[in-house]
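Report on the following structure.
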Amino acid sequence: MHKYLLHAAYGWLTLTGVMHFVIDVVSQHLRGKHVPGTETTLYYGVHSAFALGQTVFGLLGLWLTFRARDVLSELPVVLLSLIATVGWLAVAVLFMEYWQPRFNAVFFGLLIVAGALTRP
Numbered sequence: 153m154h155k156y157l158l159h160a161a162y163g164w165l166t167l168t169g170v171m172h173f174v175i176d177v178v179s180q181h182l183r184g185k186h187v188p189g190t191e192t193t194l195y196y197g198v199h200s201a202f203a204l205g206q207t208v209f210g211l212l213g214l215w216l217t218f219r220a221r222d223v224l225s226e227l228p229v230v231l232l233s234l235i236a237t238v239g240w241l242a243v244a245v246l247f248m249e250y251w252q253p254r255f256n257a258v259f260f261g262l263l264i265v266a267g268a269l270t271r272p
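First residue of the sequence shown? That's 153 in the numbering used here, and the numbers climb one at a time after it.
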């Protein structure tokens, strides 16, 4: 069960990071939803950093689940994942007006906790 929860957690993070980037950065840029300016630059910057950070962290986690699953069972790695979750949740609450990024961060955190509780 531990293996499947880790795959689900980091796979979810990778998927939602890619989807966030495609929906909130690429599609809005292609459709011209924001007029050029400082606010638009900050909007794209926050959303790009948020989404790409999740994607890279998720890909690293997925790579570790296939190569060195025992490392992901160690307490420092679990704590690092939970600290990253709190960081993403803080950015989502402070700078994003909709609920989906908040839900994604909380769901990832819950999957990490569930994986930590089922570790061998």
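By construction, the Cβ of each residue, glycine as well, lies at the ideal position given by its N, Cα and C atoms.
Would you mind stating whether residue i and residue j have Cβ atoms separated by less than 8 Å?
i	j	result
L157	A236	no
V229	V223	yes
T166	N256	no
T192	H199	no
L263	A161	yes
Q206	H181	no
Taking residue i as the reference, give the member of the options with the closest Cα.
i	options	result
L246	M153, F202 and P188	F202
G261	L234, Y250 and E226	L234
L212	R254, P272 and H159	H159
L227	P272, V208, V174 and M248	P272
V170	V208, L194, R183 and G184	V208
Among the residues of its own chain, which have a CB less than 7 Å from the CB of residue i, if the five just before and after it don't count?
i	result
T270	M153, H154 and L157
A244	P253, R254 and A257
Using the beta-carbon count (16 or more within 10 Å), is residue i buried or exposed?
i	result
Y250	exposed
W240	buried
P188	exposed
A268	buried
G210	buried
T190	exposed
Whose C-beta lies closer than 8 Å to the C-beta of residue i among residues of the same chain, with five residues either side of it excluded?
i	result
V177	Y196, H199, S200 and A203
F259	W164
T217	K155, L158, H159, Y162 and L224
L214	H159, Y162, G163 and T166
G184	none
Which same chain residues, not among the five before or five after residue i, have their C-beta less than 6 Å away from its C-beta?
i	result
S225	R271
R221	none
Counting only runs that start and end within the stretch 188-231, where is the beta strand (DSSP E) found for 3 or more residues in a row? Qualifying beta strand (DSSP E) stretches: none in this window.
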